[in-house]
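One structure below.
Residue numbers (this note's numbering): -14 to 704.
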């Protein structure tokens, strides 16, 4: 299982320091896939044609298995597809032209400094990415708050699992994607998988569902499409998009009505049940069927199976989370778990399948608008004092919380005049993308640090080429809360620098010559101290320990000293004795169903939902540059049920226009019985006239500030 990089430089000897040059010829360098939050283990060696990916069976999460994206990841190391030197926009031609690093960094520092001097610190924005290592995410947050003094920082992970994070924190006092190892999924008795298509988004994790069924467990999949994952299920529920909240409430209503609650657990380990139960009782089965389209017999079957199982879990993903009521929706599924006594018990509980590679660690250490390192709240005086002490600044100098991701993008060109963007491509990935593109174009100054010339980077005044996964050392935190060391295996091109070097260069030019090291291990040592005592405590983890653990990683929280007798072992399973609330009890939160921000009507009668396909990833900025992946998924499409296609007189493969109140896209139709007749589906990986996020709604969840990617009203018409 391998893929060869095609770059000529890949075969250079180490002394040449060319792109794709292996740091060692003698053995595979252990590292991790650059894509999703599984962070699958892999090795890199030199093959006859260049850099080769080899299996790493000892890594427990994927056991050596890799999807096509992981196997082909070295293709993006090639100089043919990636940036190899800085670019600056010419005042004469208006085009991006090659420049030296000093000129590029001077331009960025000057642009940010002029904005700050003219309009104040909050006129400078910073937008990060869920693929940045912990060290880079930490340093970017520190740069924003210490060097720029701005509150205007957020990241694209806000679009990933922020609703699940908010609901988990509200119920349990702590958010970690999975509070147990992924391997526990295979040993539970009943799993409800809500809005996740693991077979295409995280293929190596599908084995856990297979093992679950082989062990006699029941798999229930909730998805409006009959996906490859749904085809594996014992039961597939296909609710109308945007009605997952009503579905969860209806299931809990049935559990209560049929005596399936765990009264001893509720009494001993929770609080708030009476109010939550009262809210649930308004959602009787026939009412829920009318809302969701799921028949009452199916509802009863699921409720009975889940309540009767000795061990049971609910896992949510973007389906229920990317809604303007995502926090309450996830909260309803958590209430179902609490009422049946699942969280904090072996082989049971609630978890969220984080999507982005370091979506978990990226928000834990300072990229989110309202958080400081260690998952500390920016509004907490004690948290501010602790982090300011590590940073050597006055706590009062730290800005307060800023805007969430979409709100920050919406403010560009208005209150926010300049933007430093690292590792994100909002021109493709943001909701109401045409409007976001317009806002980005209206900026006084835009600097982008990225591996490739993304659609967003093409609009920049300065583009800074940075290293990628195989060319740098750093830690990431996977969906289980497992902190992993991703080791440098190859040398980057001569004209490329690490994000840490970029931030060091900018900080120095802006009057902060100290405090921004370029050595990732030195940054991690500071991160350890900054996180100590926080919810996400990494203080007991070190690079040395991550090397010694043979690559299996250490689960946070892991407090204390990392070395010596009595070092903390890490926490694979949370909440076994108490929850992370002040009194140790989990909180029921009463929630009720409400409509989506935009329901279908006579003008826009169909629901659009969006998602991913197997061969592409997120905005496609990297995967669209890999020939093998493009051959498998060459472009956008819209899935249409045969009944809807017949009514619209749309044939399979025919080009159609999909229109919402925010824009119009033109794509080929893919007619399939695997989707509801009142729903269409589009993947969101492509720019241009097939950009799905041209259509999506920017309505925000009031708690998590998650946009409503999964539900909007559209119509189809001839192109």
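Ideal Cβ placement from N, Cα and C applies to all residues, glycine included.
Given the structure is predicted, the values throughout are model-derived calculations rather than measurements.
Closest by C-alpha distance to residue i, when choosing among the options
i	options	result
residue 298	288, 279, 315 and 327	327
residue 637	224, 403 and 655	655
residue 119	217, 504, 643 and 400	504
residue 25	186, 72, 253 and 526	186
residue 682	460, 445, 395 and 60	395
residue 242	260, 292 and 203	292
residue 559	287, 88, 647 and 521	521
residue 470	478, 515, 346 and 691	346
residue 449	530, 368, 694 and 87	87
residue 183	208, 485 and 201	208
residue 294	202, 192 and 50	202
residue 443	454, 461, 406 and 420	406
residue 318	371, 153 and 381	153
residue 542	531, 268, 695 and 554	554
residue 463	626, 180, 557 and 367	557
residue 628	609, 588 and 661	661
residue 634	684, 80, 702 and 592	702
residue 42	16, 69 and 303	16
residue 173	193, 512 and 83	193
residue 643	624, 631, 657 and 658	624
residue 66	475, 439, 380 and 688	439
residue 355	211, 699 and 688	688
Counterpart residues of residue i in DSSP-defined beta bridges
i	result
residue 170	Note: residue 170 sits in no beta bridge, so no partner.
residue 112	139 and 406
residue 40	27
residue 298	176 and 334
residue 369	None; residue 369 has no bridge partner.
residue 571	255
residue 697	593
residue 702	642
residue 35	32
residue 361	357
Supposed close pair residue i, residue j - CB separation, criterion 8 Å
i	j	result
residue 149	residue 237	The pair is not a contact, with the Cβ atoms about 18 Å apart (cut-off 8 Å).
residue 524	residue 545	6 Å
residue 350	residue 123	4 Å
residue 170	residue 220	Actually they are not in contact, since the Cβ atoms of residue 170 and residue 220 sit about 17 Å apart, beyond 8 Å.
residue 234	residue 265	5 Å
residue 115	residue 307	In fact, because the Cβ distance is near 14 Å, the residues do not count as touching under 8 Å.
residue 204	residue 232	Their Cβ separation, rounded to whole angstroms, is 17 Å, which puts residue 204 and residue 232 out of contact at 8 Å.
residue 684	residue 552	That pair is no contact at about 47 Å.
residue 137	residue 393	6 Å
residue 369	residue 380	4 Å
residue 706	residue 465	Examination of residue 706 is not possible in this model, given that the chain is present from -14 through 704 alone.
residue 310	residue 579	6 Å
CB of residue i within 8 Å of CB of residue j, strictly
i	j	result
residue 229	residue 280	no
residue 63	residue 478	no
residue 430	residue 195	no
residue 254	residue 571	yes
residue 675	residue 652	yes
residue 109	residue 55	no
residue 595	residue 677	yes
residue 451	residue 435	yes
residue 337	residue 162	yes
residue 446	residue 673	no
residue 51	residue 36	no
residue 285	residue 239	yes
residue 611	residue 61	yes
residue 497	residue 132	yes
residue 344	residue 146	yes
residue 409	residue 128	no
residue 372	residue 358	yes
residue 158	residue 540	no
residue 352	residue 593	no
residue 402	residue 363	no
residue 260	residue 585	no
residue 72	residue 58	no
Any chain B beta carbon closer than 8 Å to residue i
i	result
residue 79	Looking for chain B here will not work: only one protein chain is present.
* For the segment 395 to 481, list the beta strand (DSSP E) runs that are entirely contained and at least 3 residues long, ordered along the chain. => If only uninterrupted beta strand (DSSP E) runs of at least 3 residues are considered, those enclosed by the segment 395 to 481 are 403 to 407, 430 to 435, 447 to 450, 459 to 462 and 467 to 471.
- [ ] Would you list, in sequence order, the uninterrupted beta strand (DSSP E) runs of no fewer than 3 residues that lie entirely inside the segment 610 to 695?
- [x] Taking only runs of at least 3 residues, the beta strand (DSSP E) segments lying wholly in the segment 610 to 695 are 623 to 625, 640 to 645, 648 to 656, 664 to 668 and 682 to 685.
Subject >> Whole runs of the alpha helix (DSSP H) within the segment 126 to 158, excluding any shorter than 4 residues >> reply: Runs found: 147 to 157.
Considering only residues of the segment 156 to 240, which uninterrupted beta strand (DSSP E) runs meet the minimum length of 3 residues and lie entirely inside it, listed in chain order? Complete beta strand (DSSP E) runs here, min 3: 175 to 179, 203 to 207 and 220 to 222.
Complete runs of the beta strand (DSSP E) confined to the segment 41 to 117 [at least 3 residues]: For the segment 41 to 117, whole beta strand (DSSP E) runs of length 3 or above, ordered along the chain, are 72 to 74, 81 to 83 and 109 to 113.
* To do: Note down, one range per segment and in chain order, each alpha helix (DSSP H) of at least 4 residues found wholly within the segment 478 to 542.
  => Whole alpha helix (DSSP H) segments, 4+ residues: 484 to 494, 505 to 516 and 528 to 533.
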